[in-house]
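Those letters in the sequence shown? Residues -31 to -1, 1 to 818, per mature numbering (1 follows the signal peptide of the UniProt record, and there is no 0), in order.
Cβ coordinates follow ideal geometry from the N, Cα and C atoms, glycine included.
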Amino acid sequence: MRRKNLGRVLGLGLAAACLVGLVAMPATAQAAPAAAWAPKTAPLSTPWTADVSPTNALPDYPRPQLARPSVDKPKWLSLNGLWQYAGTDGFTPPAFGKDLAGQILVPYPTESALSGIQKHDEFMFYRKTLDVPKDYTNHDQRVRLNFGAVNYDATVYVNGTQVARHTGGYDAFSVDITGALRDRGQQEIVVAVHSPVDDANIPVGKQRNDPSGIFYTAASGIWQSVWLEPVAATSVASFTATPDVASSSFAIQTTLNGDPSRAKLTVDVYDGKKKVASGRADAGAPLKITVPKAHLWSPDDPFLYTFKVKLDGQGSNDEFESYAGLRSIAVANVDGKQRITLNGKPTFLLSTLDQGYWPDGIYTAPTDAALKFDIQKTKDLGFNTIRKHIKIEPARWYYWADRLGLMVWQDSPALPTGRNGSLSTADKANFRAETATMVDQLKNVTSIIGWIPFNEGWGQWSVQAASDVGAQVKAQDPSRLVNDRSGSNCCDTPGDPGTGDIIDWHQYQGPALPAPDAKRASIDGEHGGLTLSVEGHTWPTATINPYGSVKDAAELNDKYVANTAVLRDQGAPYGLSGAVYTQITDVEGEQNGFFTYDRKVEKVDEARVRAVNLEVIAAGAKPTPPAPPGTPGTAGVDNYRFNETSGVVASDSVGTPPQGSNPLTLRNGATFGPGLDGNALVLNGVNQFAESAKTLIPTENTNYSVSAWVKLNAAGDAFQTVASEDGDANSAFFLQYSGADKRWAFSFASVRALANTVGAPVVGQWYHLVGVRDVTHSSLSIYVDGTLSGSVGILGGGDKGTGNFEIGRGKFGGNPVDYLNGSVDGAKIFDRALSAAEVAALTAAGPAR
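Next comes the structure, spelled out in structure tokens:
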């Protein structure tokens, strides 16, 4: 690694020329002979691979939200196409006026087959010669050179003069090159780039120099479009129209290039061809424009207003078009729970994880049609949201999300993993700065409804860091949601920061069902990952299966529908505001997409997936269903006193004597012995337990409580279950001793409410435990000796109880587990959530009641 050389020889390049509209083909600028260049063979080709050539490398206008003078006829010169190229050593300075040895197709990263290079160079030079149209400098116009993105550190030279130095692999930059242009003849652009990828502590997302597992091939050098444009001496550098649904208005903000004095900004707002509003203000000053009879943007109706903007100042005029949708996104109290609302209505954000990788172009989609494809198919599958996972896309990706109607969670590209404790002050500051740049660049994107600074703690140097960076983003953009950390229950620097707008858990296969709290809505940030490899459509590396495989497409469809039904039945109706399924396509070694990596095979039945997805979204818009009232009193619906002295049956004092409604059968030599009040059930911790003959607790989407007096004979690292009810794979609940935490707990397989107020249980001491499941308030609580000792927010019912009620063991992964070494007295079942006062009274009455 040559970290000390970062940026020593840097720059960027250009190719192909164009003066056309959004989808018109450009004329090709002069380049080295095409015969000297050929694409490499991609490990997998996509349906668009063969459409790419030096004459049509991403010819579409790259900046749809700032098109001069109009979207239909933007004036620009595309520099995508062939450039000269050479890898270098990081010490040799760039040479000017000399050909480079190789050629590369811009804007495809060097590691991609489409670039014609297909290897990683840490240091590289790009060179392009071209003619700048003569009218570009008429009337004191300035010529600007624009780069969509270059990874990572770039220095740009025009005719041997350094005109720009830029660091950051994901953001666009622009430079006025007018002063460096020759009066006549060809112009030379040289770009020197350093791309250390994960050899440096810089934001890299999932790029790795040595890709494997869930980390992928790097994307070095120029990987987004490059172009020239003529602009007025004073011109708009950025334009943002922030929507405010409450006042049916847009807040207009601009930044300028050139002298802003005496410049005036005029903004006309159009609904199609009809002007509906306008405003005028000093350039750079705030401007509010109210729109009558507002037409809101939503995934069901992705309506966008057109903005025609003119900047008049000191004899120069800048004119361009933009667009934006009028929509609101917020967290609001709906039926007593914090939920995400779109345009004031509770909306379930059902999302795919979208990593933006391509087997032929790596980070760069081969064509605009390919870029659109993933978004369109996400929509076709019934999703209304995309999580753009630790990557920032070209502007046209967001254009299609805006136009097609997909909401977007936007991640910050992550720092490399495994270094949280060794990040320097400069590393942290750079991450914060690049996150701020991302927000500034994408502020005008209608489809982006929320920011995610950290994923699973990758590059997160402390729990507090998530709060700090989240607060920075919220201050910068209060109009959107901020999810301070996605996957607070996993993996690096674990812990919920307790801040931001969102509680976010990851669970594979899941889904995770975190409950909202007093201030934050909750989502499942990642789940799913069902893996199916399709022969002939896999990346030539080892396939990984971290989340669970299926044998064929039929099983994939069945399991997806069953998995998503949990969101429909247990999540969305009870307060979950969103979920993210992994993922839209396979990526390199991961074979868990709806589509293969080459986008040639759709693995799922689109109609089935769409149907269940739409059911989830519909469920999220409905009020929370009330829980059944349950049976009043503290006698319980089943009550086991264990006062027998012999035999293998424990009677239920509820129901007809002598055995009652639902007696328990003692198994494997379990016996009765001395209890707290009379006798108790005595278990050996090896294989003994007692069970009912049927399911006793309807655990699905309802309230219930379980109580028991218990004494442990040993309290080590092993789990011990006091009471449970079997599900198909796991117990529906566990009233238990958690050996991992050395605490009493009331648990689902995925989450535990720990009795933290009483500490570790004392061996030989009797305790009264009460587990309360309150679906209405989305809580799982544990009471010890009459006092609330721990609680956790969780939606749904965990695994559904389908088997017998058990005393003395649990079930996990389809197997009996966690046998109790101790005694149980006075166990009760309730078909409702007991109140704190009722629990206290139950404890005071003792086990004989």
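Could you compute how far the alpha carbon of residue i sits from the alpha carbon of residue j?
i, j, result
"residue 822", "alanine 649", "Since the first and last residues shown for the chain are -31 and 818, residue 822 lies out of range."
"glycine 439", "leucine 450", "10 Å"
"glycine 767", "arginine 801", "16 Å"
"glycine 129", "threonine 510", "43 Å"
"serine 230", "lysine 9", "52 Å"
"alanine 338", "serine 181", "29 Å"
"asparagine 784", "asparagine 773", "14 Å"
"proline 381", "serine 47", "Proline is not the amino acid found at residue 381; the sequence shown has serine there. Each residue's alpha carbon lies about 28 Å from the other."
"alanine 246", "aspartate 237", "6 Å"
"tryptophan 369", "isoleucine 417", "12 Å"
"lysine 379", "glutamate 362", "In the sequence under discussion, the amino acid at residue 379 is glutamine, which differs from the lysine named in the question. Each residue's Cα considered, the two are about 10 Å apart."
"leucine 114", "tryptophan 196", "6 Å"
"valine 691", "phenylalanine 702", "11 Å"
"tyrosine 292", "phenylalanine 276", "5 Å"
"tryptophan 508", "lysine 242", "48 Å"
"lysine 346", "phenylalanine 317", "19 Å"
My output table needs one value for residue i: the three-state DSSP class, helix, strand or coil.
i, result
"asparagine 424", "strand"
"alanine 531", "helix"
"proline 542", "helix"
"alanine 338", "helix"
"arginine 401", "helix"
"valine 144", "strand"
"tyrosine 139", "coil"
"glutamine 441", "helix"
"histidine 108", "helix"
"leucine 392", "coil"
"glycine 18", "A small correction: the amino acid at residue 18 is threonine; glycine does not occupy that position in the sequence shown. Residue state, collapsed to three classes: helix."
"leucine 738", "strand"
"lysine 348", "helix"
Shortest alpha-carbon distance to residue i belongs to which of the options?
i, options, result
"tryptophan 430", "Thr771, Gly387 and Gly174", "Gly387"
"glutamate 613", "Val606, Asp621 and Asp607", "Asp621"
"leucine 13", "Ser393, Glu504, Ile361 and Ala677", "Glu504"
"alanine 724", "Ala254, Leu375, Ser760 and Gly685", "Ser760"
"glutamate 557", "Asp470, Ile513 and Ala576", "Ile513"
"asparagine 790", "Arg778, Asn784 and Lys797", "Arg778"
"threonine 726", "Asp380, Val40, Asp329 and Arg712", "Arg712"
"glycine 374", "Lys341, Ser247, Thr468 and Asp380", "Lys341"
"cysteine 459", "Phe423, Arg489, Gln441 and Asp446", "Phe423"
"leucine 69", "Asn120, Gly469, Thr15 and Trp6", "Trp6"
"arginine 111", "Asp686, Lys360 and Ser285", "Ser285"
"arginine 153", "Arg742, Trp196, Asp104 and Lys175", "Asp104"
"phenylalanine 142", "Ala220, Phe116 and Lys591", "Phe116"
"glutamate 669", "Thr310, Pro592, Val744 and Ala250", "Val744"
"glutamate 495", "Ser502, Glu425, Asp437 and Asp145", "Glu425"
"tyrosine 185", "Asp453, Ala202, Lys360 and Asp281", "Lys360"
"valine 679", "Tyr706, Pro667 and Asn656", "Tyr706"
"glutamate 694", "Pro315, Asp228, Thr664 and Thr223", "Thr664"
Can you list, in chain order, the residues of its chain whose CB lies under 6 Å from that of residue i, leaving out five sequence neighbours each side?
i, result
"valine 651", "Thr640, Gly642 and Ser792"
"threonine 600", "Val606 and Asp800"
"aspartate 555", "Gly562, Thr565 and Tyr566"
"alanine 684", "Pro730 and Val732"
"alanine 250", "Leu234 and Leu256"
"glycine 498", "Tyr477, Tyr516, Thr551 and Asn561"
"leucine 645", "Trp678, Trp735, Asp794 and Pro816"
Starting from the C-beta of residue i, find all residues in its chain whose C-beta is less than 8 Å away, skip the five residues before and the five after it, and write them out in chain order.
i, result
"proline 597", "Thr671, Asn672, Asp800 and Arg801"
"aspartate 493", "Asp473, Trp474, His475, Gln476, Gly479, Pro480, Ala481, Leu482, Pro483, Leu536, Gly540, Leu545, Gly547, Ala548 and Val549"
"histidine 89", "Thr79, Glu80, Ser164, Val166, Asn178, Ala187 and Ser189"
"valine 573", "Leu350, Ala522, Leu525, Asn526, Tyr529 and Phe563"
In chain order, what residues of the same chain have a beta carbon less than 7 Å from the beta carbon of residue i, not counting five sequence neighbours either side?
i, result
"residue 839", "Residue coverage of the chain in this structure runs from -31 to 818, which leaves residue 839 outside it and unanswerable."
"arginine 365", "Asp29, Pro31, Pro33, Asp337 and Leu340"
"phenylalanine 289", "Leu35, Ala36, Arg37, Pro38, Val205 and Val278"
Got a sec: is the Cβ-Cβ distance from residue i to anything in chain B below 8 Å?
i, result
"aspartate 521", "Given the protein chain composition of this structure (a single chain), no chain B is represented."
Sufficient close CB pairs (3 or more, under 8 Å) joining the segment 73 to 93 to the segment 15 to 24: yes
Cβ pair count under 8 Å reaching 3, the segment 205 to 222 against the segment 583 to 599: no
Stretch pair the segment 729 to 746 + the segment 513 to 523: three plus CB contacts closer than 8 Å: no
Inter-stretch contact at 8 Å, needing at least 3 Cβ pairs: the segment 263 to 278 / the segment 365 to 379: yes
Any 3 or more C-beta pairs closer than 8 Å across the segment 347 to 361 and the segment 318 to 332: yes
Segment contact, 8 Å Cβ cut-off, at least three pairs: the segment 299 to 309 with the segment 243 to 263: no
Sufficient close CB pairs (3 or more, under 8 Å) joining the segment 441 to 449 to the segment 410 to 422: yes
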